[in-house]
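Quick note: the sequence shown uses the working numbering, first residue 4, plus one each step.
Every residue gets a Cβ at the ideal spot worked out from N, C-alpha and C, and that includes glycine.
As the structure is a computational prediction, the values presented were derived from the model and not from experiment.
Structure, as structure tokens:
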Amino acid sequence: MALFTRDDRVLVINNKPDYIQRILDYDYIIGRAPSVVGIVHNDNGMEKLFYGSREILIPVYSDLNLALDTLNPTVVVNLASYRSARAPSELVLKHSSVRVLVIVAEGIPERDMKELIRIAKDNQKIIIGPATFGAITVGALRAGVVGGDYSNILKSRLYSPGSVGVITRSGGLLNEMFRIIARNSNGVREGVAIGGDVFPGSTMLEHILRMEQDPDIKLIVAVSEIGGKEEYEIAKMVQEGKIRKPLIMWVVGISAELFPWKVQFGHAAAKANTNMEGAREKMRVLRDAGVIVPERFGDLENIIRDISAKLGLSSHESKYNPLPMDFKRAVNENIVRRPTSIVSSISKEIDGEIAYNGIKVSDLMDGDITDVIGLLWYKRRLSDRFKKFLNMSIILLADHGPNVSGAHNAIVASRAGKDIVSSLASGILTIGPRFGGAIDDAMRYFYDAVNRGITPVQFVEEMRKKGINIPGIGHRVKSKYNPDRRVEILKRFAQDNLKIRKYLNFAMEVERETLKKSERLILNVDGAIAAILLDLMEEDGFNDIKDIVQIGYGNAIFILARSIGIIGHIIDQKRLKQPLYRHPDDDVYLI
4 MALFTRDDRV LVINNKPDYI QRILDYDYII GRAPSVVGIV HNDNGMEKLF
54 YGSREILIPV YSDLNLALDT LNPTVVVNLA SYRSARAPSE LVLKHSSVRV
104 LVIVAEGIPE RDMKELIRIA KDNQKIIIGP ATFGAITVGA LRAGVVGGDY
154 SNILKSRLYS PGSVGVITRS GGLLNEMFRI IARNSNGVRE GVAIGGDVFP
204 GSTMLEHILR MEQDPDIKLI VAVSEIGGKE EYEIAKMVQE GKIRKPLIMW
254 VVGISAELFP WKVQFGHAAA KANTNMEGAR EKMRVLRDAG VIVPERFGDL
304 ENIIRDISAK LGLSSHESKY NPLPMDFKRA VNENIVRRPT SIVSSISKEI
354 DGEIAYNGIK VSDLMDGDIT DVIGLLWYKR RLSDRFKKFL NMSIILLADH
404 GPNVSGAHNA IVASRAGKDI VSSLASGILT IGPRFGGAID DAMRYFYDAV
454 NRGITPVQFV EEMRKKGINI PGIGHRVKSK YNPDRRVEIL KRFAQDNLKI
504 RKYLNFAMEV ERETLKKSER LILNVDGAIA AILLDLMEED GFNDIKDIVQ
554 IGYGNAIFIL ARSIGIIGHI IDQKRLKQPL YRHPDDDVYL I
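Take a look at the structure:
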């Protein structure tokens, strides 16, 4: 009977998307429905993969038993490591729906494999592996990555069922045999890499006997290795007439006889400890029993061609679905182009190191956060006085107590059990025209008024007529007689570091006019920062001031600074183990 059918349902243990995608790609090429029905991994969810050019979702289960009972797979591919492959394999072999288990890991403890082989025999299951690329029934299912990539599948005609069954230990050698058979016969019907470990889950003889019973297989080709004595059992079966189909075999490892010591080839089982386990002696016994054994490996191709011709195995072609090329590969090969979705000049890797606006982070270690702000926000190295101003602004704006909107919101959220990210978001979302968000508007109005050449008196009158409160002017608590100490610090900085101060002077003249109306209409910290920031940019030769004003760099300073204080309030509430906040009833006026 065939190893696989087009109706087989595959469950994969351990989520390796690239590996699973190759199974699905073969499904698409041969035109069968997607074979992979589920994946077992750490978390429940969905894995998005391709069937042709169409994306599909494959369920992911964290519980193997649940996946087995829900999906009833007939084939399971176990991609777990050699340390953890045994436990899931035992569960799979004991499940009634499973017929074939493929174990990919190499180096599974021999004691574990002996036990798994026993369980498989007790439950009449087939194990392929361990240390295998998998197996394929052409036109039905590829359980693993045998056959290689798409180009090799086409060259080996693995989309078109032939009449040759192939068994090897090595997955790489199996792929090579596929190519040889495609050139010299009507193609492969089935291929199995039993794996290179000492105790394979199924033997070469077992697969030869199974292929003997498959009416679609007319010719069997097997390539074994030095080590072990299975070839003698195969020879015996041929002599007893239990293997009647033409059987072509080769034993890899003749070169081992050239060495004066025992040679260990790549697989764990590929070592001849006695003369009987050597390649030359095995092939002599096989040849004497009636197995077709070439004199040299190079003759294998001609023999396959001759036997195939005698059997009438003429080449034929089946239609297949061309596999769409992955976009990443198409880009790498300059086959396609498309406009980029994101244009960014902020950071990138240079020689494996992250760089901010072209400056490697290792070159910034002697600086401070204002160097980073300069490169990432203003796209330039800032002057020392500009950096000093930013540092000063961050310090002055970091916090203003728990009473203000942002801190209050964050405190309420923190006491409601929300995490730092959520609580911080609730705080900074209050920043706007009424709380902390006046820097940008103040910059825009001061910049516009100064550059239009109107006087502070005209500006105040213009804003009055428009019914607009002047951003950067006014405070709920501070006044002419109770000045904001932060503004005084900023003014002193401007006097010590700026020459012209035309924007700050304009703002102070505006304050002089507004104080005539109310003692609380003072230049506040937002207005002072806005004016000084404009003066700094102008005196430092910025040629993009208009863009910076329109984009809204000013509020970014407030957001950055105030986030520090808000996080402090959030942590403080949690550290003090404050209970859920409820506003007092006597502080609410109900209408």
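query: Helix, strand or coil at T140 [DSSP, three-state]; result: strand
query: Nearest to N475 (by Cα), restricted to the options N558, Q581 and F7; result: Asn is not the amino acid found at residue 475; the sequence shown has Gly there. It is N558.
query: Sub-8 Å separation of G132 and G34 beta-carbons; result: no
query: Beta-carbon proximity of S166 to D219, cut-off 8 Å; result: yes
query: A138 beta carbon less than 8 Å from that of G194; result: yes
query: Three-state secondary structure (DSSP) of T73; result: helix
query: Nearest candidate by alpha-carbon position, reference L526, set E491, H44 and D543; result: E491
query: Touching by the beta-carbon criterion (3+ pairs, under 8 Å), the stretch 568-587 and the stretch 411-422; result: yes
query: At least 3 beta-carbon pairs within less than 8 Å: the stretch 493-501 vs the stretch 535-550; result: yes
query: Rounded C-alpha distance that separates S429 from D487; result: 27 Å
query: Local conformation of R341 per DSSP, three classes; result: coil
query: Option in V224, W253, Q576 and E113 with minimal Cα separation from H411; result: Q576
query: Own chain partners of I357 with C-beta closer than 7 Å, once the 5 adjacent residues on each side are dropped; result: S350 and V364
query: Spatially closest choice to I376 from R578, L563, Q24 and G150, by CA coordinates; result: L563
query: Those residues which DSSP pairs with W253 across a bridge; result: V226
query: Through-space distance from E304 to I237, alpha-carbon basis; result: 22 Å
query: Outcome for P76 when other beta-carbon atoms lying within 10 angstroms are tallied against a minimum of 16; result: buried
query: Where M252 falls, given that 16 or more other Cβ within 10 Å makes a residue buried; result: buried
query: Member of V40, D46 and L96 whose CA lies at the smallest distance from the CA of L74; result: V40
query: Y162 and S321 closer than 8 Å at C-beta; result: yes
query: Residues that DSSP places opposite K232 in a beta bridge; result: DSSP lists no partner for K232.
query: Close beta carbons around N126, own chain, < 7 Å, minus the five adjacent residues each side; result: L96 and K97
query: At least 3 beta-carbon pairs within less than 8 Å: the stretch 20-34 vs the stretch 47-56; result: yes
query: Nearest neighbour of Y359, chosen from D374, S317 and M328 [CA to CA]; result: D374
query: Reduced DSSP category for L432 - H, G, I as helix; E, B as strand; rest coil; result: coil
query: Simplified DSSP state of G269, which is helix, strand or coil; result: At G269 the pLDDT is 48, less than 50, meaning the model places this residue with poor confidence; the figure from the coordinates comes in the next sentence. In the structure shown, G269 sits in coil (DSSP, three-state: anything other than H, G, I, E or B).
query: Residues bridged to Y64 [DSSP beta-bridge criterion]; result: V43
query: Expected contact under 8 Å - CB spacing of D66 and R89 to nearest Å; result: 18 Å between Cβ atoms; not a contact.
query: Reduced DSSP secondary structure (H/G/I, E/B, other) of E356; result: strand
query: Local conformation of M368 per DSSP, three classes; result: coil
query: Boundaries (first-last residue) of the alpha helix (DSSP H) holding G568; result: Y556 to R578
query: CB contact flag (A282, V241, <8 Å); result: no
query: Host beta strand (DSSP E) of N81 (start-end); result: V78 to N81
query: Rounded Cβ spacing between M4 and R213 (contact assumed at less than 8 Å); result: 7 Å
query: Y506, buried or exposed, once every other Cβ within 10 Å from all chains shown has been counted against 16; result: buried
query: Secondary structure, beta strand (DSSP E): runs of 3+ residues fully inside the stretch 439-496; result: none
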